[in-house]
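When we follow the working numbering, the leftmost residue of the sequence shown carries the number 4, and every step to the right adds one.
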Amino acid sequence: MKKIDLAPLRKLSIDEKTRTPSYAKFTIEPFEKGYGHTVGNAIRRVLLSSIEGAAITNVRIKGVQHEYSSVPGVKEDVIGIILNLKKIRVKIFSDGPEILRIDAKSKGQVTAGDIAGNPNVEIVNPKQVIATLNPGASLSMEIEAAKGFGYSISDENKRPGKPAGTIFIDSLFSPIVKVNYEIENTRVEQFTDYEKILLDVWTDGTIEPADAVAYSSKLLREVLSVFIGESQEENPAAEAVSAVSDEVEEIVDEKRKELVEQSIDILVLSKRPANCLEKNGIKKIKSLIALNAAELLNLENMGKGSLEEIKKKLAELDLTLAEK
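Following this line, the structure appears as structure tokens:
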């Protein structure tokens, strides 16, 4: 059987019919026999272990000194509240950590959506229930969220200098929920014993699967680069991973090009910043992100509050203002 150069033939596709912000099915082909498992398993392991995420690391509850307490008028005990806090998924747009606060006084359920706004943090699942209040009860909490990798137990989250009553909790930082892959045969010319990878990726919604796969592929390419000798000849696994990374980056870039051509209306800004941008002739996303923060603040009627709102809305689309 003749040797076929697969690199120019290799491609990645995403099933657009089933694609969501938290799920995607990738098909990558073709590979030499045996390389499907080599590449598929490597990407799967990196996805599960090496993608940065954010999670709640500790909490202070007014009137509570330890996790075995209860809060008057609150249905859940402190352990129950902590278990609910662990389910909250967040995006942090700074280096962190970030402080979040809740001051709830009305009867009924307290959810993640009741957390006071922080321009550096986005709550991905605002409907997540934290606690249930009886009539006349109140709940005040100071929550800290930070960036990290994998899973950290409460002892690993402890830091000196925290106030008395701080309860450290276990944190699941990884934004990757599940990764599956299968290997199937595929055809190249008249030969049918080549392989293709079917890769399914589920995330918690804080990162899109395509971005996660692109990042994990970059990490693998960096690690495998150490095996490139003086001859500068790539090994097949490194070439395959590089191809996957390039294909995903191309898809992400195409999505970004389409996005920046959209009207600023997709940001769903409040009245003041929306009117300010319209008055200054800024109608498309690409015109907005061409400006830096200082230039925006120089616009008439643009205040710091409006600027922070714009930055937050852009961050939700993985976009930023221009650098200074």
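Cβ atoms here follow ideal geometry from the backbone N, Cα and C, with glycine treated the same way.
Run through DSSP, which three-state label would K14 get? strand
Ignoring anything shorter than 3 residues or poking outside the stretch 51 to 98, list the beta strand (DSSP E) runs there in chain order. 56 to 64, 93 to 95
Go ahead and label V229 buried or exposed: buried means 16 or more other beta carbons lie within 10 angstroms of its beta carbon, across all protein chains shown. exposed
Which term fits V271, buried or exposed, when burial requires 16 or more other beta carbons within 10 angstroms of its beta carbon? exposed
Should L299 go down as buried or exposed, given a rule of 16 or more other Cβ atoms within 10 Å for buried? buried
Would you kindly work out how many angstroms separate the C-alpha atoms of E233 and L280, rounded to a whole number? Low confidence applies here, because E233 scores a pLDDT of 46, under 50, leaving its location unreliable; read the following figure in that light. If I take the Cα positions, the gap works out to 54 Å.
With the cut-off set at 8 Å, would you say A58 and G151 are in Cβ contact? yes
To test your reading of the DSSP string, which unbroken alpha helix (DSSP H) runs of 4 or more residues are found completely within the stretch 171 to 232? 212 to 227
Pick helix, strand or coil for E147, following the three-state DSSP scheme. strand
By a C-beta neighbour count over all protein chains shown, 10 Å radius and 16 as the cutoff for buried, is A293 buried or exposed? exposed
Which residue marks the beginning of the alpha helix (DSSP H) containing E281, and which one marks its end? 274 to 282
Reference L88, options S174, I210, K314, A213, closest by Cα: S174
Thinking C-beta only, is L142 closer than 8 Å to A134? yes
Whole-Å CB distance - V113 paired with L136, under 8 Å assumed: 6 Å
Rounding to the nearest angstrom, what Cα-Cα distance links L302 and K314 in this structure? 15 Å
CB G99 to CB I186, shorter than 8 Å? no
So is N121 buried or exposed if we call it buried at 16+ other beta carbons inside 10 Å? buried
Count the other CB atoms, across all protein chains shown, that sit within 10 Å of the CB of A325; report buried if there are 16 or more and exposed otherwise. exposed
Would you kindly check if the distance between the Cβ of S25 and the Cβ of D207 is under 8 Å? yes
Going by DSSP, what residue range makes up the beta strand (DSSP E) through I126? 124 to 126
Report yes if the C-beta distance between S52 and G153 is below 8 Å; otherwise report no. yes
By how many angstroms is the C-alpha of R275 removed from the C-alpha of A296? 17 Å
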